[in-house]
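Notes follow the structure.
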Amino acid sequence: MSKRLVVMGDSFTEGVGDDDPAYPNGVRGWADRVAEQLAVHEPDLQYANLAVRGKLMGQVLAEQLDQGLDMRPDLVTLYAGGNDLMRPSVDIDAMMDDYDKAIGRLAETGATVVVFTGVDGVEDALFRKMRGRVAIYNEHTRVIAKQRGALVVDMWAMRQLRDRRMWAPDRLHLNSLGHTAVAIEVLAVLGVGHTLAETELGPREVLTTRERRAQNLQWSREHAWPWVQRRLRGESSGDHIKPKRPVLAPVRAQD
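Heads up: the sequence shown is residues -1 to 253, going by this note's numbering.
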């Protein structure tokens, strides 16, 4: 059983969208849930979360990789690149070459390495346009994982994540239901028993065209436009955010 868990990445791994004031940075997320479940089996577990929202692939690797390696983890997760894919222009092949090298460095330590595919946004009008990019990213990820001996959490195959009820109001980040679903999948990939339970959402609400248009307009005003404005100003949501768990520390088990 793992004794040192280190997770690296962007808002997905930090836990953005799963608001909880009891946790550092005011968010919980899938990684905290996984750590809490692992601690049930390994009371001496030490956990660090270096992820920071808004970070691009290059920033994640430059700012977190060496720090994470210095902690000598025996279990490490890495997910980055989602923010890059949302940019107007991205060289996915070059980006994934860097990702491959980073995962190789992690694997060479003997640690169990976990990586993720991107979510299938087919049912969302905005993210449907990114499906091609995400699919290329995912194929690179699968090849890298096979060559490096890493484990893959296949979020593309998690059909429940297509449901908007799994997502925060900004439509960019998972809410507590979505983060719980990811935590369950991570633990399944690791072969670790847990007490987490997914919520049965039932049938989706059927909206009229007018209601859907009103929701999209509200989302554009409250979330999309502020995001565009930050891009135009060269700002990031993570500019003044610190990692929520910058050093290895004990984590309280959750039964």
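Using N, Cα and C, we set each Cβ at its ideal position, and we do this for glycine too.
Taking 3 residues as the minimum length, the beta strand (DSSP E) runs contained wholly in the segment 130 to 199 are 149 to 151, in order along the chain. Assignment of beta-bridge partners to A247 by DSSP yields Y45. For Y97, the enclosing alpha helix (DSSP H) starts and ends at I90 to E106. Here T115 carries a coil assignment [DSSP, helix/strand/coil]. Beta-bridge analysis with DSSP links T75 to V5 and V112. Residue pairing for V25: DSSP places it in a beta bridge opposite D17.
Taking C-alpha positions only, P167 is separated from N173 by approximately 8 Å. Apart from sequence neighbours up to five positions away, the residues of its chain that approach P22 with a beta-carbon distance below 7 Å are K242 and R243, ordered along the chain. Using a Cβ-Cβ distance cut-off of 8 Å, the segment 134 to 144 and the segment 93 to 102 are in contact, since at least three pairs of beta carbons, one from each stretch, lie closer than that value. Boundaries of the alpha helix (DSSP H) harbouring V58: M55 to V58, taken from the DSSP string. By the Cβ rule, the segment 45 to 57 does not count as touching the segment 119 to 132, because fewer than three pairs are nearer than 8 Å. Contact check for D16 and G27: beta-carbon distance about 5 Å, within the 8 Å limit, so the pair qualifies. Excluding five sequence positions before and after L63, the CB atoms of its chain that fall closer than 6 Å to its own CB belong to A100, given in chain order. Distance from V88 to V187 at the Cβ level is roughly 27 Å; contact not present, criterion being Cβ atoms closer than 8 Å.
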